[in-house]
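Enquirer:
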Amino acid sequence: MKAANPQQTFEYVPECDRKLPVTEQTRFTLRPLKPNEESLIDNLISFSEEGTNMRLGEQNQIALSCGVVEVTNFQDANGSEVIVSRTGKKLHGIVNTLTDEFLALIPKSIRAELASEIIKGNDLGDEDAKN
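50 is the number of the first residue of the sequence shown in the working numbering; add one for each residue after it.
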């Protein structure tokens with residue numbers, strides 16, 4: 050097993066762009082969650098006799114705000130490059146949230162895909178687990 054590095058970023062191309070030429074693909078620079086950020090997400094899951102309650106909207110907002118570092122080759126309707134923008138406000142005292150204006154530019158399905166990749170970011174792959 051190798052130690053995880055929560056400071057190490059990774060590039061991610063959304064599934065919808067993967068068949069495009071590399072020069073046309075939108076690329077997100079992401080980072081995995083730190084343990085205190087993971088616990089914020091874990092605390093949004095509850096179990097009861099009625100079933101499991103997962104507050105996915107808030108989980109995704111936390112994951113995206115923690116894990117989205119940069120985006121490249123992503124243009125708005127006017128053809129201008131979109132940059133990551135943050136509110137400057139802290140969620141749960143630690144998370145500098147992304148602006149609604151920035152998030153609104155990313156389709157909901159892609160936001161969910163990115164959040165999932167950020168949350169999985171600390172999981173070791175099969176190859177790393179063997180080493």
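Note that the Cβ used here is the ideal one computed from N, Cα and C, for glycine as well. A quick note: this is a predicted structure, and the numbers were derived from the prediction, not measured.
#1: Quick one: what does DSSP say Thr58 is sitting in, helix, strand or coil?
#2: Taking all protein chains shown into account, do 16 or more other C-beta atoms lie within 10 angstroms of the C-beta of Ile155, making it buried, or fewer, making it exposed?
#3: Based on DSSP bridge pairs, tell me the residues matched to Phe77.
#4: Rounding to the nearest angstrom, what Cα-Cα distance links Ala178 and Gly106 in this structure?
#5: Alpha carbons only, please: which of Val144, Pro63, Asn85 and Ile143 is nearest the one belonging to Thr78?
#6: What number of angstroms, rounded off, separates the C-alpha of Glu98 from the C-alpha of Lys169?
#7: Could you give the DSSP three-state label for Leu154: helix, strand or coil?
#8: Measure the Cβ-Cβ separation of Leu89 and His141 and say whether it is below 8 Å.
#9: Out of Leu82, Glu73, Gln57 and Ala53, which has the shortest C-alpha to C-alpha gap to Ile143?
#10: Give me the residue from Asp149, Ile132, Asn122 and Gln108 with the minimum Cα distance to Thr72.
#11: Looking only at its chain, what residues have a beta carbon closer than 8 Å to the beta carbon of Lys138, apart from the 5 residues adjacent to it on each side?
Expert: Here's the rundown:
#1: Within the sequence shown, numbered from 1, the residue matching residue 58 stands at position 9. Coil at Thr58, not helix or strand.
#2: The sequence position of residue 155 within the sequence shown is 106, counting from 1. Buried, since its Cβ has 16 or more Cβ neighbours within 10 Å.
#3: Here residue 77 refers to the residue found at position 28 of the sequence shown. Tyr61 and Val120.
#4: Locating residue 178 in the sequence shown gives position 129, counting from the first residue. Locating residue 106 in the sequence shown gives position 57, counting from the first residue. Residue placement at Ala178 cannot be trusted, given a pLDDT of 37 that sits under 50; the coordinates are not used to answer.
#5: Sequence index remark: in the sequence shown, residue 78 carries index 29 (1-based). Ranking the options by Cα distance to Thr78, first place goes to Pro63.
#6: Along the sequence shown, one-based indexing puts residue 98 at 49. Along the sequence shown, one-based indexing puts residue 169 at 120. When rounded, the distance between both Cα atoms is 28 Å.
#7: Counting from 1 along the sequence shown, the entry for residue 154 is found at position 105. Three-state DSSP puts Leu154 in coil, outside helix and strand.
#8: If you number the sequence shown from 1, residue 89 lands on position 40. If you number the sequence shown from 1, residue 141 lands on position 92. Yes, the pair counts as a contact, with Cβ atoms nearer than the cut-off.
#9: The sequence position of residue 143 within the sequence shown is 94, counting from 1. Taking each of Leu82, Glu73, Gln57 and Ala53 in turn and checking the Cα distance to Ile143, the smallest one comes out for Leu82.
#10: Within the sequence shown, residue 72 is the residue found at index 23, counting from 1. For the residues Asp149, Ile132, Asn122 and Gln108, the minimum Cα distance to Thr72 belongs to Asn122.
#11: If you number the sequence shown from 1, residue 138 lands on position 89. Excluding the 5 residues flanking it on each side, Lys138 has same chain C-beta neighbours closer than 8 Å at Asn145 and Thr146, in chain order.
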